[in-house]
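Read through the structure below, which is laid out as structure tokens, and then see the notes.
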């Protein structure tokens, strides 16, 4: 008899990926592949995302909050897309 130790895949995995993408959009272009690998590995730290020093400048406070929330290693503590959109961390939608 085989156990079902396979992790559950749901939309929360996609939101983790969104956190990585949002960071890359908010950060300056990385010059080398090795810099990108190093920075993204630091962000994936299981205890808490470690942001580069030049991202810790006070200008990115809301971005850091959103990214940290999205990169939470506990999927139960990660937001759903609806929770993210309704949060005070994002500006309200505007009609064009």
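In the UniProt record's numbering, the protein residues as written are 1 to 96.
Backbone N, C-alpha and C fix where the C-beta goes; we use that ideal spot for every residue, glycine too.
Residue i: which of the options sits nearest, CA to CA?
| i | options | result |
| --- | --- | --- |
| residue 71 | 9, 10, 8 and 22 | 22 |
| residue 66 | 39, 14, 95 and 79 | 79 |
| residue 20 | 33, 8, 42 and 10 | 42 |
| residue 14 | 84, 94 and 96 | 84 |
| residue 57 | 94, 27 and 39 | 27 |
| residue 73 | 95, 59, 94 and 45 | 45 |
| residue 69 | 10, 8, 9 and 18 | 18 |
| residue 77 | 32, 48, 34 and 95 | 48 |
| residue 81 | 8, 16 and 9 | 16 |
Assuming residue i and residue j make a contact with CB atoms under 8 Å, what is their CB distance in whole Å?
| i | j | result |
| --- | --- | --- |
| residue 12 | residue 92 | Their Cβ separation, rounded to whole angstroms, is 24 Å, which puts residue 12 and residue 92 out of contact at 8 Å. |
| residue 39 | residue 30 | 6 Å |
How about the region 39-56 and the region 76-96: do they share at least three Cβ pairs that are nearer than 8 Å?
no
Segments of 4+ residues assigned as alpha helix (DSSP H) that fall wholly inside the UniProt domain "Protein kinase" (1-90)
11-26, 33-43, 61-70 and 81-86
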